[in-house]
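A.B. asks: The listed protein sequences correspond, in order, to chains A and B.
Taking numbering that gives the first Met the number 0, I'd label the letters of the first sequence as residues 0 to 155.
Taking numbering that gives the first Met the number 0, I'd label the letters of the second sequence as residues 0 to 482.
Backbone N, C-alpha and C define an ideal beta-carbon position, used for all residues, glycine too.
As the structure is a prediction and not an experimental result, all values here were calculated from the model.
Pasting a structure below so you can have a look.
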Amino acid sequence: MVLSAAAVAVSTGYLIPTAASASPPPSDQSTAVVTPLLTLFEFGDSVGLPEGCQTALTAVSAVVAQADASKQFSPLAAEIGSQCQSVANEGSTYIEQQISASQSASALNALLNPGITDGSNLLTNLGNAPGIQDTPVGPTIAGLGQSVTFFSGSQG
Amino acid sequence: MTNAGPLPRGSRKKVFMLISAIAVAVTALLAGPALADTSISGGLPSSNNFNVAAEGDAMEITITDPSAPLIQAYSASPYGASATLSSLGESLADAGAPYAPVIYGLPPLVNGLGSGGQLPTLPPLPGYVSSSYPAQPTGQEVIDGYDVAATSSGTTSVGQVSLGAQAPGAANPTMFASAQTTVNGDGSVTATAVAGADAVNFGQLFDIGNVSSTETMTVPTSGPPSLKTTVDLGTISVVGVKTGLTLDGLNVLGINTPIAVSNPVLASLNSLLAPSGVSLSLLPQMFSYTDGTTGTGSTPDPDKTLQGVTSGALQVAMQENVPSQGLVDVTYVLGRVYVSATDVAGLGSGVAPVPSTPSSTAPAVSSGSATVPAAVTSSSQSNSSTAIPATGGATTPVASTASAPSNASQSVAVAPSTAGAPSQLGAPSASTPLTETRSAAIKGPSNASIYLILVLGAIVIFAASQLVRLLAVRSTFFLGHHP
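So, in structure tokens, the structure goes:
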């Protein structure tokens, strides 16, 4: 019965510690412009680079298949894909270190955030201004104002 | 821990009584209102199952490059509009110039991928608006000579594009496209698509003017659908001299003189333009039927149920010599529109007649610009005003017939030719009525019946769970807890 109870508890998740509770919570500190840029780079490194490699390999594989050389190309494609993933992993580790380092400069936020907020408000107000709001570029300009806020740092 | 034995007979009876009471209560709460009110939320005045779609693409450009990697054919549409309406509550419209819904859908996709603060939010791309009821009922972008608008309500959706100036007295601006889907007060549904251009310049070869297509398809709750077709293939003006246009040919066709497009004219023009790698042809009207088959011609197959229509169009095929790519085929299809409509009666009364929807409830796409196409009232809809641009032809379509556009001063419709050209766009005569009839006996479940099905499903699942519970209690006998 104890085993049954344990199995039920495990199956329902009561006894499984979550990753969030096991590891320390990530710091929410970020430095304006710097940390968001690094975050952007990390996304490109961890998601964009492997996807780009796969897309390029697929394109090349199609050409190679037409040349009836798939058998020779397959090992090379696998090696290139592996190298891509390895580079992406190394890059991700490096960028995460830089993100952690950048968080120490969050004191700059008091200087940078007002400018970013002003720029965002300027674009938003411009895009929503009468006479521009209904033009083809009005929503785009207003949306850019929202995009600018991505580069602001953490408050406080 | 103690073993759970079988419930006493009295307790088991109470449990079943409780289950029955809950089931009856749930059924009464959910199925009652659903069965009493068969109208679809959002104000659709019909309990039928319908799906209406319309799209107008005034100019489809297809570039075929045999030496391009991966993809050899690329299609684009400079401007277009579409509208969709269904009995499931879907009421959507969009319009764009350029018209590329896939491209315009990329920013939301990227924003979804980068959610969580990994990417900055991408703003919407200019030149495209969409609407959906009730979340975003209107969308419009207007500037001088440029107007794209989309409006959706519970009973109609309209997408509209107007580009260029509108000359005094002209019915349309230089380029226009519009699509409208409507569920009428009597339960019928209507799909209308319009697209055209007043002037299309093909370099120093020729100009094509006043080309437009209009398709209006109305499907009543019972009886045959009505189809109104107006195709104005416009005129061609030979504007210059280039390789292949001989002086004799120009003398025959005339220079800077609008010539009505017809098969004989195209044959002459094609012979002149052949050395330049240019050919013009008339694409036939295409019909799709509910049985999945398609056909072409001037009238649909009377033995089949019509589901959709693709209008005829004028196709201009050219070959361009691109230095790095070689010969590249470029195809322009002018004035092609699509409509599709189905309207199947549901269970019970089939149609729930409601008071006619006043015309004011139809969302007219208004604009402060003077370049908006003239709004016309569709002759097939007595209760709703449409914002579809009027076509240039003085056409008087007849319900239940695919009407032939009459000749106008600047446009000539191609009449059915006895030559039997395969790519001929024929205009049917009024003596060939659209006789395919929708089966009035077609009955299907109404949308409201889904609630009853859900309730029944819940009851079955609940009863099954109780059965499993009782069997589970009894299973202890087989585990050796009882002798």
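Cutting at 6 Å between CB atoms, please list the residues of its own chain near A141 of chain A, excluding the five before and the five after it.
C.D. replies: T123, G126 and N127
A.B. asks: Could you tell me the distance, in whole angstroms, from the CA atom of A463 of chain B to the CA atom of L470 of chain B?
C.D. replies: 10 Å
A.B. asks: What whole-angstrom Cβ distance do A92 of chain B and A82 of chain B have, given they're in contact under 8 Å?
C.D. replies: In this structure A92 of chain B is in contact with A82 of chain B, their Cβ atoms being roughly 4 Å apart against a cut-off of 8 Å.
A.B. asks: Less than 8 Å between the beta carbons of P283 of chain B and T295 of chain B, yes or no?
C.D. replies: yes
A.B. asks: At least one CB of chain B closer than 8 Å to the CB of F72 of chain A: is that the case?
C.D. replies: no
A.B. asks: Is the closest heavy atom of the ligand PLP to the C-beta of L455 of chain B under 7 Å?
C.D. replies: Only the bare structure without any ligand can be found here, which leaves the ligand PLP out of the picture.
A.B. asks: At the level of alpha carbons, what is the spacing between G456 of chain B and L466 of chain B?
C.D. replies: Pairing G456 of chain B with L466 of chain B, the inter-Cα distance amounts to about 15 Å.
A.B. asks: Give me the Cβ distance between V315 of chain B and F286 of chain B, rounded to the nearest whole Å; I'm assuming they're in contact under 8 Å.
C.D. replies: Contact doesn't hold; Cβ gap of about 24 Å is too wide.
A.B. asks: What are the partner residues of R335 of chain B, as DSSP defines its beta bridges?
C.D. replies: B:D56
A.B. asks: Strictly below 9 Å CB to CB, what residues from chain B border Q145 of chain A?
C.D. replies: P119, T120 and P122
A.B. asks: Could you check whether the segment 97 to 113 of chain A touches the segment 28 to 46 of chain A, counting it as contact only if at least three pairs of C-beta atoms, one from each stretch, sit closer than 8 Å?
C.D. replies: As far as the Cβ criterion goes, the segment 97 to 113 of chain A touches the segment 28 to 46 of chain A, which means the pair count is three or higher.
A.B. asks: Could you give the first and the last residue of the continuous beta strand (DSSP E) run that contains D206 of chain B?
C.D. replies: F205 to V218
A.B. asks: Determine the direct distance from the alpha carbon of N171 of chain B to that of Q165 of chain B, and round the result to whole angstroms.
C.D. replies: For the pair Q165 of chain B and N171 of chain B, the Cα-to-Cα distance works out to about 6 Å.
A.B. asks: Note down, one range per segment and in chain order, each beta strand (DSSP E) of at least 3 residues found wholly within the segment 82 to 158 of chain B.
C.D. replies: 90 to 95, 127 to 131, 137 to 142 and 145 to 151
A.B. asks: Below 8 Å on C-beta distance, what does F42 of chain A contact in chain B?
C.D. replies: G113, Q117 and L118
A.B. asks: Between the segment 124 to 138 of chain A and chain B, which residues of the former have CB atoms less than 9 Å from a CB of the latter, in chain order?
C.D. replies: G126, D133, T134, P135, V136, G137 and P138
A.B. asks: Answer yes or no: does any C-beta atom of chain A fall closer than 8 Å to that of E214 of chain B?
C.D. replies: No - not a single Cβ of chain A is within 8 Å of the one on E214 of chain B.
A.B. asks: Rounded to whole angstroms, what is the Cα-Cα separation between G325 of chain B and Q65 of chain A?
C.D. replies: 20 Å
A.B. asks: Could you tell me the distance, in whole angstroms, from the CA atom of L453 of chain B to the CA atom of L87 of chain B?
C.D. replies: 16 Å
A.B. asks: At which residues does the alpha helix (DSSP H) containing Q84 of chain A begin and terminate?
C.D. replies: S69 to S101
A.B. asks: Would you please verify whether the beta carbon of Y145 of chain B is less than 8 Å from any beta carbon of chain A?
C.D. replies: yes
A.B. asks: Which of the residues in the segment 129 to 143 of chain B, read from start to end, lie with their CB under 8 Å from any CB of chain A?
C.D. replies: Q139, E140, V141 and I142
A.B. asks: Just checking my contact of T181 of chain B with T154 of chain B at CB under 8 Å: how many whole Å lie between their CB atoms?
C.D. replies: 6 Å
A.B. asks: Residues bridged to S119 of chain A by DSSP?
C.D. replies: Per DSSP, none; premise fails for S119 of chain A.
A.B. asks: In chain order, what residues of the same chain lie with their CB nearer than 6 Å to the CB of T431 of chain B, ignoring the 5 residues before and after it?
C.D. replies: In this prediction, T431 of chain B scores a pLDDT of 33, lower than 50, which makes its location untrustworthy; the coordinate-derived value is nonetheless stated afterwards. These residues qualify, in order along the chain: T298.
A.B. asks: Is any beta-carbon of chain A found at less than 8 Å from that of S365 of chain B?
C.D. replies: At S365 of chain B the pLDDT is 36, less than 50, meaning the model places this residue with poor confidence; the figure from the coordinates comes in the next sentence. No, its Cβ sits nowhere closer than 8 Å to a Cβ of chain A.
A.B. asks: Quick one: is G195 of chain B buried, meaning 16 or more other Cβ sit within 10 Å of its Cβ, or exposed?
C.D. replies: buried
A.B. asks: If we ignore side chains and look at the alpha-carbon of each, how far apart do A61 of chain A and P106 of chain B end up?
C.D. replies: Between the alpha carbons of A61 of chain A and P106 of chain B lies a gap of roughly 29 Å.
A.B. asks: Can you list the residues of chain A that S126 of chain B reaches, using a CB-CB cut of under 7 Å?
C.D. replies: Note on identity: in this sequence residue 126 of chain B is Gly, with Ser being the wrong assignment. Simply P135.
A.B. asks: How far does the beta strand (DSSP E) with Q492 of chain B in it extend, from its first residue to its last?
C.D. replies: The displayed coordinates of chain B run from 0 to 482. Any statement about residue 492 of chain B would go beyond what the structure contains.
A.B. asks: Would you mind sorting G130 of chain A into buried or exposed? The rule is 16 or more other CB atoms within 10 Å of its CB.
C.D. replies: exposed
A.B. asks: Applying the criterion that 16 or more other CB atoms from any shown protein chain within 10 Å of the CB defines a buried residue, is Y98 of chain B buried or exposed?
C.D. replies: buried
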